[in-house]
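So for the sequence shown, this note's numbering puts the first residue at 5; every next one is plus one. Just below is one structure, and these are the notes that go with it.
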Amino acid sequence: MFRRLAINFWKFFLSGNGMTIRTGRYFGRAAALGAIVGLVTVAFHRMIEFGHGIIGIDRLAESNRWALLLLPAAGAVAGSLLIKRFASIRHARGTDSAVYAYHHSDGVIPPAVVPVKSVASVMAVESGGSAGYEGPVTLIGAACGSFLASVLRLDGRARRILMAAGLAAGISALFRAPLAGALFGAEIFYSSSDLEYDVILPSFVASAVSYTVFACFVGWQPLFAMPDYAFENGIRLFPYIALAFVVTLGARFYITFFRTTEAFFTRMELPSWIRVLIGGLITGVIGFCLPDVMGPGYDVIQRTFSTPDSSAISETVTRHWSFHGFLLFFFLKTIATSCTVGSGGSGGVFAPALVCGGALGVAVGIGFEAVLPSSIGIHPAAFALVGMAGFVAAAVRCPLTAIVMVAEISGNHELLLPTMWVCGIAFWLNNGWSLYRSQVHNRDASPVYL
Numbered sequence: 005m006f007r008r009l010a011i012n013f014w015k016f017f018l019s020g021n022g023m024t025i026r027t028g029r030y031f032g033r034a035a036a037l038g039a040i041v042g043l044v045t046v047a048f049h050r051m052i053e054f055g056h057g058i059i060g061i062d063r064l065a066e067s068n069r070w071a072l073l074l075l076p077a078a079g080a081v082a083g084s085l086l087i088k089r090f091a092s093i094r095h096a097r098g099t100d101s102a103v104y105a106y107h108h109s110d111g112v113i114p115p116a117v118v119p120v121k122s123v124a125s126v127m128a129v130e131s132g133g134s135a136g137y138e139g140p141v142t143l144i145g146a147a148c149g150s151f152l153a154s155v156l157r158l159d160g161r162a163r164r165i166l167m168a169a170g171l172a173a174g175i176s177a178l179f180r181a182p183l184a185g186a187l188f189g190a191e192i193f194y195s196s197s198d199l200e201y202d203v204i205l206p207s208f209v210a211s212a213v214s215y216t217v218f219a220c221f222v223g224w225q226p227l228f229a230m231p232d233y234a235f236e237n238g239i240r241l242f243p244y245i246a247l248a249f250v251v252t253l254g255a256r257f258y259i260t261f262f263r264t265t266e267a268f269f270t271r272m273e274l275p276s277w278i279r280v281l282i283g284g285l286i287t288g289v290i291g292f293c294l295p296d297v298m299g300p301g302y303d304v305i306q307r308t309f310s311t312p313d314s315s316a317i318s319e320t321v322t323r324h325w326s327f328h329g330f331l332l333f334f335f336l337k338t339i340a341t342s343c344t345v346g347s348g349g350s351g352g353v354f355a356p357a358l359v360c361g362g363a364l365g366v367a368v369g370i371g372f373e374a375v376l377p378s379s380i381g382i383h384p385a386a387f388a389l390v391g392m393a394g395f396v397a398a399a400v401r402c403p404l405t406a407i408v409m410v411a412e413i414s415g416n417h418e419l420l421l422p423t424m425w426v427c428g429i430a431f432w433l434n435n436g437w438s439l440y441r442s443q444v445h446n447r448d449a450s451p452v453y454l
């Protein structure tokens, strides 16, 4: 009896070729993929904790600051050599590599990417590289989807859908943002407002399962702890217009500097590990001056949420010039991230973009708090959260993801209105600019639909 049930389950949910959203096979495959990605992301998270426990950049900044000069270079070189030896360099770019695979290779990503990219990214980021883990985890999730499609012998279209759902599941788990992750899987492939509609429902299922599996092991708390700042005054929309313009300019600078740095290192006629070494050394010098730029940079934003009326940059920055401190942090974080990832180091640029947007948001909030009447109720921490969303909407071209993500990672849904306002304006103002080179404008421009 149980054997027959198992056979029927396999035939209905997993076997067969050519998936459509009208069959239960989509649900079964997406759920299975979500469980796989959730478990892999748990293992990846444990690796991050292990690396942080061994190195601990925050502890080194206090006990042995001179080590910060060399550690980013050492970790980046080790990760680069690992990728060069065991995985294709083409798959070293994280999210951009996944987007490229979707458009140009029917979603085929070698399974070796999963362990290699995991270890290389932990080496690079936990040693002080200015990068995030979303790039590795999206590529890892996409590789899991591609591998499952190969095991089930699915066609190219089905493989692409599973690859995108795996990508979404990885983001959902690591950021603890299931709805944002699902939307990310549909938005990330295009720089316009176009979506990959066939991906949405499988991404919902995979993201929900992946998040649940991850949270059972790691915890259900949001990524950031933030007080509930309610939007209770319509006049506040006007300062948020200024924030939208600021984050748009910031996103353009971030994109331009990153691409210029990437092109500069690419033109160097040097072995890849030497280019990564140079980028790591530059990051080390910046980190020695301001350790807060090292790693993803979440601590800066968390301290801002925890103490919104004081500076979250290094202890030497006082309330008197915290506005300038956050602007300085934005520029140094942009430079450090560009040198870390642009030189060929392993890591993502999405998480630093979130942090840069938060820094600009705090700076704008502090400025308006100083000049506007207190009755309006300007909170720099609220501007930080909205700035994060606006920056991502402009730079990554994923406005729906940005709106939902900041609500999920902070546990605060009271700022949805200004977040929608800023994301819409920033997305419109930054039309034609994208952080990911492999994005195409819309489905008509994708090789998949030609």
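Yeah, the Cβ is synthetic: ideal placement off N, Cα and C, and Gly gets one too. Note that the structure is a prediction, hence the values are computed from the model and not measured.
Practice problem: Using 10 angstroms around the beta-carbon of residue 254, count the other beta-carbons present and answer buried if the total reaches 16, otherwise exposed. | Solution: buried
Quiz prompt | Candidates 394, 410 and 365, of which the one nearest residue 388 by Cα | solution = 365
Practice problem: Report yes or no: do the region 368-379 and the region 223-230 share at least 3 C-beta pairs separated by less than 8 angstroms? | Solution: no
Exercise. Would you identify the three-state DSSP class for residue 111, choosing helix, strand or coil?
Key: coil
Quiz prompt | Backbone CA spacing between residue 273 and residue 85 [nearest angstrom] | solution = 17 angstroms
Quiz item: Quick one: Cα of residue 436 to Cα of residue 196, how far?
Solution: 8 angstroms
Exercise. Measure how close the beta-carbons of residue 42 and residue 217 come, nearest whole angstrom, since I'm counting them as under 8 angstroms.
Key: 3 angstroms
Practice problem: May I ask whether a heavy atom of the ligand SAH can be found less than 7 angstroms away from the beta carbon of residue 278? | Solution: This structure lacks the ligand SAH, and indeed carries no ligand of any kind.
Exercise. Answer yes or no: do residue 76 and residue 287 have a C-beta to C-beta separation smaller than 8 angstroms?
Key: yes
Self-check item: Residue ranges of each alpha helix (DSSP H) within the region 114-189, 4 or longer
Solution: 117-130, 138-155 and 160-178
Self-check item: For residue 103 and residue 393, the rounded distance between their alpha carbons
Solution: 21 angstroms
Quiz item: Cβ of residue 129 within 8 angstroms of Cβ of residue 90?
Solution: no
Quiz item: Looking at residue 168 and residue 207, is the spacing between their C-beta atoms short of 8 angstroms?
Solution: yes
Quiz prompt | Endpoints, alpha helix (DSSP H) assigned at residue 233 | solution = No alpha helix (DSSP H) holds residue 233; DSSP gives it neither H nor E.
Exercise. Please go through the same chain and pick out, in chain order, the residues whose beta-carbon is closer than 7 angstroms to the beta-carbon of residue 82, but skip the five residues on each side of it.
Key: 127
Quiz item: For residue 194, which residues does DSSP report across the bridge?
Solution: 444
Quiz prompt | Bridge partners - residue 352, DSSP secondary structure assignment | solution = 136
Self-check item: Inside the region 366-442 only - beta strand (DSSP E) runs reaching at least 3 residues
Solution: none
Exercise. Indicate the three-state DSSP secondary structure (helix, strand or coil) for residue 315 in the structure shown.
Key: Confidence is the limiting factor: at residue 315 the pLDDT is only 44, short of 50, which leaves the residue's position unreliable, though a coordinate-based value still follows. If DSSP states are grouped into helix, strand and coil, residue 315 belongs with coil.
Practice problem: Taking residue 32 as the reference, give the member of 417, 213 and 132 with the closest Cα. | Solution: 213
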